[in-house]
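First the structure, in the form of structure tokens, and then the observations on it.
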DNA sequence: ACTCCTCTTGTCCACGTGGACAAGAGATTC
DNA sequence: GAATCTCTTGTCCACGTGGACAAGAGGAGT
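Protein chains in written order, with the UniProt record's numbering: chain A, 1 to 216; chain B, 1 to 216.
Have a look at this one:
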């Protein structure tokens with residue numbers, strides 16, 4: 001039925017399909033048969049590429065985040081620090097955050113996923129620390145301890161994302177305001193400097209807009 | 001087999017058992033049969049009390065949080081503001097946070113759970129705002145907008161909890177430090193004033209210590 | 001044309017799932 | 001003591017699950 005693909009392509013196709021389903025249904029609810037149906041093959045084939053369901057979802061998460069973050073670092077180095085900072089603080093689209101939140105709880109039962117999560121979280125934090133360093137170097141802001149400030153702001157962004165995306169307690173504008181305000185305060189930036197520059201979800205989304213949910 | 005209980009007792013027993021399992025396995029993995037086995041009854045009985053699995057877990061979460069928070073408000077009003085603040089910011093035990101994190105992602109697929117989550121999150125935030133008000137009234141701190149500061153600190157605490165409990169990126173001391181420092185900074189409190197007073201998890205835990213995990 | 005080799009399929013299994021339901025057990029009421 | 005009501009049980013169902021496996025399909029290399 002399905003035309004024969006190069007193994008690498010097929011693999012990637014499976015990982016993509018997996019993430020699409022994880023974004024919609026959560027890690028725990030994605031079955032091999034769902035993934036197979038999404039790809040358009042028989043469920044036995046999924047097992048041919050990934051020995052267990054756990055490995056499949058962990059690898060899919062890792063690949064997806066890797067893709068999501070690819071190139072961001074170079075972009076962040078090129079644009080001016082304020083824009084890089086504002087982007088870092090606010091541009092993660094909603095469906096990506098659902099996956100992160102789900103990963104937080106799923107990681108307790110999936111060591112591979114935990115490892116991936118730890119690695120990428122640390123990576124994101126380092127990137128923010130680098131932006132803060134550039135900010136300090138160029139005299140646009142001040143930070144005694146970029147790593148500590150990055151850690152605090154990372155936590156704040158995650159917590160605000162929960163309030164916005166998961167609980168729906170605040171809208172996007174409020175979420176931006178809280179985060180920008182805290183960053184300006186913490187980094188000695190004149191209030192009102194940080195603004196959202198990129199439109200939401202400039203990067204590719206996992207869940208097609210056709211699925212019916214709003215993009216934000 | 002199981003001795004006959006008053007309906008209300010039996011109900012509560014089922015809700016307790018459910019939360020114990022949710023804390024261990026996550027919302028998505030708790031089955032009616034698991035709950036029945038935990039209580040020591042037949043799985044049909046669970047259905048007698050709760051028509052669907054969704055309602056069971058949502059109600060269990062609601063009841064558990066209600067119990068967890070009961071009395072805290074009165075305590076917070078009695079003790080001095082610094083202690084109330086420090087307690088609010090840091091005393092939630094690990095297994096409780098696992099449940100909260102799990103609820104964040106589960107809420108996307110369980111409207112009742114979302115409603116409960118929204119309600120309790122708002123409640124927690126209000127309680128913190130009240131503590132901040134008392135702080136300002138007594139001249140121990142300053143806040144132009146207690147609600148906004150409470151929102152920001154709530155988000156920070158949640159985000160730090162993710163880094164500590166879920167990802168294991170930082171230890172408890174670091175987590176405390178970040179949160180206390182941010183609160184002191186935000187509320188005009190002299191650095192180093194806030195300290196952890198209560199031992200961890202003074203309140204009842206959902207997962208027995210005998211389960212093997214550390215209490216923190 | 002032939003042989004490999006890997007991708008791909010279809011089918012099988014034992015098991016667990018949420019849900020349904022009739023029958024039984026216990027207390028309460030009359 | 002009999003009727004009633006609700007809690008409780010055991011058993012049944014159709015379905016979906018992860019996993020296993022033999023057989024087939026289709027290129028690549030010779």
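Just so you know, even glycine gets a beta-carbon here, dropped at the ideal spot from N, CA and C.
- For the stretch 137-154 of chain B, the beta-carbon criterion of a distance under 8 angstroms to any beta-carbon of chain A is satisfied by 148, 151, 152, 154.
- The beta carbon of residue 117 of chain A sits closer than 7 angstroms to some beta carbon of chain B.
- Taking the Cβ atoms as the reference, residue 129 of chain B lies roughly 5 angstroms from residue 147 of chain B, within the contact range of under 8 angstroms.
- Per the coordinates, the alpha-carbon of residue 134 of chain A lies some 36 angstroms from the alpha-carbon of residue 98 of chain B.
- Those residues of the stretch 21-32 of chain A placed with their C-beta closer than 7 angstroms to a C-beta in chain B are 26, 28, 29, ordered along the chain.
- Going by beta carbons, residue 58 of chain B and residue 112 of chain B fall inside the 7 angstroms limit.
- When C-alpha distances from residue 104 of chain B are compared across B:72, B:28, B:136, the shortest belongs to B:28.
- Residue 166 of chain A has its alpha-carbon roughly 21 angstroms from the corresponding atom of residue 196 of chain A.
- Residue nearest to residue 189 of chain B within the set B:124, B:136, B:169 is B:136 (criterion: CA-CA distance).
- Taking 8 angstroms as the upper bound for CB-CB distance, residue 184 of chain B and residue 150 of chain B are not in contact here, some 15 angstroms apart.
- Counting only runs of 4 or more residues that sit fully inside the stretch 49-128 of chain B, the alpha helix (DSSP H) segments are 53-69, 72-78, 81-90, 94-106, in chain order.
- Here DSSP, grouped into helix, strand and coil, assigns residue 176 of chain A to helix.
- In the three-state DSSP reduction, residue 6 of chain B falls in the coil class, being neither helix nor strand.
- Under the three-pair Cβ rule at 8 angstroms, the stretch 64-77 of chain B does not count as touching the stretch 72-82 of chain A.
- For the stretch 94-118 of chain A, the residues whose beta carbon sits under 8 angstroms from a beta carbon of chain B are, in order, 98, 101, 102, 104, 105, 106, 107, 108, 109, 114, 117, 118.
- Proximity of residue 132 of chain B to chain A, defined by a Cβ-Cβ separation below 7 angstroms, is not satisfied.
- Inter-residue distance for residue 162 of chain B and residue 26 of chain B is about 16 angstroms (C-alpha atoms, whole angstroms).
- The C-beta separation of residue 86 of chain B from residue 194 of chain B comes to about 5 angstroms, placing the pair in contact by the 8 angstroms criterion.
- Nearest to residue 23 of chain B by C-alpha distance, out of B:139, B:96, B:106, is B:96.
- Residues of chain A with a Cβ closer than 9 angstroms to the Cβ of residue 121 of chain B are, in chain order, 162, 163, 167, 169.
- As the crow flies, the alpha-carbon of residue 107 of chain A is around 8 angstroms from that of residue 117 of chain A.
- Here residue 145 of chain B is not near residue 159 of chain A, since their CB atoms are 7 angstroms or more apart.
- Residue 144 of chain B carries a coil assignment under DSSP once its states are collapsed to helix, strand and coil.
- Within its own chain, the residues whose Cβ lies closer than 7 angstroms to the Cβ of residue 60 of chain B, once the five positions on either side in sequence are excluded, are 15, 18, 19, 22, listed in chain order.
- If you draw a 10 Å sphere on the C-beta of residue 171 of chain B, you find fewer than 16 other C-beta atoms in it, and that means exposed.
- Among the residues facing chain A, residue 35 of chain B is not included, as its CB has no counterpart in that chain under 7 angstroms away.
- Apart from sequence neighbours up to five positions away, the residues of its chain that approach residue 191 of chain B with a beta-carbon distance below 6 angstroms are 184, ordered along the chain.
- Secondary structure note for residue 30 of chain A: it is in no alpha helix (DSSP H), with a DSSP letter that is neither H nor E.
- Sequence-distant Cβ neighbours of residue 120 of chain A in its own chain, meaning closer than 6 angstroms and more than five residues away, are 65.
- Contacts with chain B at 7 angstroms (Cβ-Cβ) include residue 159 of chain A.
- One thing to note: residue 156 of chain B has its Cβ within 7 angstroms of the Cβ of residue 156 of chain A.
- A direct Cα-Cα distance of roughly 11 angstroms separates residue 138 of chain B from residue 131 of chain B.
- Annotated three-state conformation of residue 195 of chain B is coil, per DSSP.
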